[in-house]
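In terms of this note's numbering, the sequence shown opens at residue 421 and continues consecutively. Even glycine gets a Cβ: it sits at the ideal position worked out from N, Cα and C. Only a predicted model underlies this, so the values are computations on that prediction, with no experimental measurement involved. To keep things clear, I will list the structure first and then write my remarks on it.
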Amino acid sequence: MPPHRPLPFPLLSLALGLSALVAAGCPSSAGDDDTADDDTADDDAADDDVADDDTGPAADPDVDTYIPDGYRATSPTRVIFLGDSITAGVGVSGGGEPYADLLLQNDDEGWPEGTGQDLATLFPTVTEVIDESFGGALTIDVVNVQIPAVEARLSFPAEGETLVVMTAGGNDAQLALVLPENVDIILGNIETNLRTAAEWFLDPARFPDGVWFYATNVYEPTDGVGQSAECFFGFDFADMLPALDGGNEQMRGVAEDLGFSMVDMRGHFLGHGFYHDDAQNPWYDADDSTKWFSSDCIHPNNRGHHELRRLFYHAIDGVPFPAE
Numbered sequence: 421m422p423p424h425r426p427l428p429f430p431l432l433s434l435a436l437g438l439s440a441l442v443a444a445g446c447p448s449s450a451g452d453d454d455t456a457d458d459d460t461a462d463d464d465a466a467d468d469d470v471a472d473d474d475t476g477p478a479a480d481p482d483v484d485t486y487i488p489d490g491y492r493a494t495s496p497t498r499v500i501f502l503g504d505s506i507t508a509g510v511g512v513s514g515g516g517e518p519y520a521d522l523l524l525q526n527d528d529e530g531w532p533e534g535t536g537q538d539l540a541t542l543f544p545t546v547t548e549v550i551d552e553s554f555g556g557a558l559t560i561d562v563v564n565v566q567i568p569a570v571e572a573r574l575s576f577p578a579e580g581e582t583l584v585v586m587t588a589g590g591n592d593a594q595l596a597l598v599l600p601e602n603v604d605i606i607l608g609n610i611e612t613n614l615r616t617a618a619e620w621f622l623d624p625a626r627f628p629d630g631v632w633f634y635a636t637n638v639y640e641p642t643d644g645v646g647q648s649a650e651c652f653f654g655f656d657f658a659d660m661l662p663a664l665d666g667g668n669e670q671m672r673g674v675a676e677d678l679g680f681s682m683v684d685m686r687g688h689f690l691g692h693g694f695y696h697d698d699a700q701n702p703w704y705d706a707d708d709s710t711k712w713f714s715s716d717c718i719h720p721n722n723r724g725h726h727e728l729r730r731l732f733y734h735a736i737d738g739v740p741f742p743a744e
């Protein structure tokens, strides 16, 4: 399987950095050493242990990924990555690997508990990887820049089943912080662009053998608090959290309407932001109180990229995310 490599990304201004509190993927420096936060939990393999009965592992109640019934490819031949700097690999450090690389081929030495949780194992039929993600991408960039780039690389109708994996919406959401009076317009644009992108790929005239489309919602780094002294000079955005939740609900609504998967990055990362060690936080995880964000408060660190890989892997496999 061809290797995936993150694309270069530009730096945003400090002003945008301050406003990127809910950004799932705006660009930032990836050189911070978060290795202390990236230690593998003592026994993450327990996440995927099969339950005592024959029904499979119990679903994690905190992860509300939407997967349509029976939504699983049979033998895909290509994977297309789209979106922002999370997919482009920002946040990893110290020899870590981005989630897209891990999803394609696990690093068995670095993440032994992730052995077999990759597309090389699940779908060895995949031979083509296309990555058009880049740092700072808005959802409109997915529509106007990344999809045309994909179109230029393929011949249509494109033969073979296709997986599409995307993180997008965070850079749009940050605009609502600097332009709160336009929040409804901004969230509406996210919804419209997500719908347009998904409809383009789900068109059987372009992909007669089928497309399985997986997109994430938008997370934030404060475990539902809306303020952290360690992030963005302590800027308080608690009053914007309802807008974040509303935007995520709109994105899920598009997925349910069109029949694709909405991966719950927001739910899975709660309890692993900058209040990860606060036992009073309602999302505190006593069994694994590690931080999954890099020190820029925006991108996943090494552990976070591993967890995002796990989210996508289980969604692509068509099964609920397993409980701890």
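By the Cβ-count criterion, residue 496 is buried, with 16 or more other Cβ atoms from all chains shown falling within 10 Å of its own Cβ. In this structure, DSSP gives residue 652 a helical state, which the three-state scheme calls helix. By DSSP's assignment, residue 632 forms a beta bridge with 583. Around the CB of residue 598, fewer than 16 other CB atoms lie within 10 Å, so the residue is classed as exposed. Residue pairing for residue 550: DSSP places it in a beta bridge opposite 500. Counted as a single uninterrupted DSSP element, the stretch harbouring residue 510 is not any alpha helix (DSSP H), since DSSP gives it neither H nor E. Contact between residue 667 and residue 638 holds, with the beta-carbon distance rounding to 6 Å and staying under 8 Å. In the assembly as shown, residue 575 is an exposed residue. Its beta-carbon has fewer than 16 other beta-carbons within 10 Å.
In the structure shown, residue 486 falls within a strand segment according to DSSP collapsed to helix, strand and coil. Excluding the 5 residues flanking it on each side, residue 697 has same chain C-beta neighbours closer than 6 Å at 709, in chain order. In the three-state scheme derived from DSSP, where H, G and I count as helix and E and B as strand, residue 713 is classed as strand.
For the pair residue 522 and residue 646, the Cα-to-Cα distance works out to about 30 Å. One Cα belongs to residue 615, the other to residue 539, and the distance between them is close to 26 Å. Residue 577 is positioned such that its CB atom lies no closer than 8 Å to that of residue 621. Within its own chain, the residues whose Cβ lies closer than 8 Å to the Cβ of residue 743, once the five positions on either side in sequence are excluded, are 467, 477, 478, 479, 480 and 481, listed in chain order. In the same chain as residue 730, and ignoring 5 residues on each side of it, no C-beta atom comes closer than 6 Å to its own.
Residue 681 is bridged by DSSP to 634.
Membership of residue 625 in any alpha helix (DSSP H) is not indicated, and neither H nor E is assigned to it by DSSP.
Residue 742 carries a strand assignment under DSSP once its states are collapsed to helix, strand and coil. Assigned with DSSP and collapsed to three states, residue 544 falls in coil, not helix or strand. In the structure shown, residue 479 falls within a strand segment according to DSSP collapsed to helix, strand and coil. If you look at residue 726, you'll find it in the alpha helix (DSSP H) that goes 722-736. The beta carbons of residue 664 and residue 593 sit closer together than 8 Å.
In chain order, 496 place their CB closer than 6 Å to the CB of residue 543, counting only its own chain and leaving out the 5 sequence neighbours on each side.
Contact annotation: residue 589 and residue 671 have beta-carbon atoms nearer than 8 Å. A Cβ-Cβ distance of about 4 Å is found for the pair residue 613 and residue 559, placing them in contact under the 8 Å criterion. By the Cβ rule, the segment 481-492 does not count as touching the segment 558-573, because fewer than three pairs are nearer than 8 Å. Take the alpha-carbon of residue 546 and the one of residue 553: they are about 19 Å apart. Taking C-beta separations shorter than 6 Å and ignoring five residues to either side along the sequence, the partners of residue 740 in its chain run 479, following chain order. Around the C-beta of residue 643, 16 or more other C-beta atoms lie within 10 Å, and the residue is accordingly described as buried.
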